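Asker: Take the sequence shown: its letters are residues 399 to 650, numbered as in the working numbering.
Input: one structure, supplied below.
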Amino acid sequence: MNQMQREIDASELAKHDLSDWSARVYGQQPFAGAGKTNTGFLVPLERKLAKFILPRMPRWLETYHLTLLTPVWSIGIAFFGYLAASNLHWLWMTNVMIVLHYFTDHFDGKLGKYRNTGLRKWGFYMDHLFDYGFLCSILIGYSFLIPQKSIFSMLLVLCVMSAFMFHTFLMLAATDEFKVSFSRFGPTELRIALLVINALLVKFGTRGLNGALPWVAFGGVITLSILAYIAQRKLWQIDMQAKAEAEESVRE
């Protein structure tokens, strides 16, 4: 789409609620990536938390400040993972980084929408780019805790986790639906699982981690296969419905 096609004349602009940034800028083509669908178990509680926190955010703190803090937490996770190789109690600091990432990652987009900052596409790109870096930092941190022979299993886990993100973005492109949870398991539930795993590692050591990695990768492949099967059926139905509607319109 060229620049001329993106421009909106005054008559089209008047049809939209000017409080909606995407309508002001893109007319009848709002940015699908700006709206997430999250069916995680803790979503109702998070919504109540957001209603309480967002009006109380300091005015000097902007959405992009929160987004740009993710690399700080990611570097911290990798660093504390390195230190945990000699003392597992450093994993408590890894948990602190995960909790801090939750607050900045969860509220950056919500703060932008609440204040109508307008950085929807920038926020979408930077937020998810940094989220991938955050995922890598988790696995890098764990890589310091496992023997060399288990590195391949860790790489398999990274590939599988990356494939889940890839699946999400493919479905966004194909359906304009941005779903960031799988059943009742979303980003918050994943962070809680990581907090529990780190606590177990501190208490019981890393021996179980070595044996669990292949099973984590295997379970991820099975889950991803199920998601891919469901997705392709849905897209097939969408395509066939669109084809039928097109043929019907031609006959009319």
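Idealized CB from N, CA, C, for every residue including glycine.
These numbers were taken from a predicted model, which means no experiment stands behind them.
1) Would you kindly work out how many angstroms separate the C-alpha atoms of TRP419 and ASN493, rounded to a whole number?
2) Quick check for students: name the residue ranges of the alpha helix (DSSP H) that lie wholly in the segment 539–604, counting only runs of 4 or more.
3) Could you spell out where the alpha helix (DSSP H) holding THR461 opens and where it closes?
4) So ALA476 packs on SER560, CB below 8 Å; how close in whole Å?
5) For ALA644, count the other beta carbons within 10 Å of its own beta carbon; 16 or more makes it buried, fewer makes it exposed. Which is it?
6) Is it true that the CB of ALA482 sits closer than 7 Å to the CB of TRP488?
7) GLU444 CB to nearest chain C CB: under 7 Å?
8) Take HIS463 as the anchor and find which of THR437, THR502 and LEU592 has the nearest alpha-carbon.
9) What separation, rounded to the nearest whole angstrom, lies between the Cα atoms of ARG605 and GLY539?
10) Within 10 Å of its beta-carbon, does SER548 have 16 or more other beta-carbons around it, so buried, or fewer, so exposed?
11) From MET495 to TYR480, what distance separates their C-alpha atoms?
12) If distances are taken between C-alpha atoms only, which option among LEU537, ARG582 and GLY507 comes closest to MET524?
13) For the pair the segment 512–519 and the segment 553–569, tell me if three or more CB-CB distances fall below 8 Å.
14) Short check: CB of HIS499 to CB of TRP520, under 7 Å?
15) Report buried or exposed for ALA615, applying the criterion of at least 16 other Cβ atoms within 10 angstroms of its Cβ.
16) Taking the Cβ atom as the reference point for each residue, do THR573 and GLY438 lie within a distance shorter than 7 Å?
17) I'd like the span of the alpha helix (DSSP H) that includes THR435, first residue to last.
18) Could you have a look at LEU443 and say whether DSSP puts it in helix, strand or coil?
19) For ILE451 and LEU509, what's the separation of their Cα atoms in angstroms?
Answerer: According to the structure data:
1) Any reading at TRP419 must be qualified, since the residue scores a pLDDT of 39, below 50, and its modelled position is unreliable; no value is offered.
2) 549–573 and 585–602
3) 461–465
4) Contact doesn't hold; Cβ gap of about 17 Å is too wide.
5) exposed
6) yes
7) The chain inventory of the structure shown lacks chain C, comprising one protein chain alone.
8) THR502
9) 16 Å
10) buried
11) 14 Å
12) GLY507
13) no
14) no
15) buried
16) no
17) Looking at the DSSP string, THR435 is not in any alpha helix (DSSP H), and its letter there is neither H nor E.
18) helix
19) 9 Å
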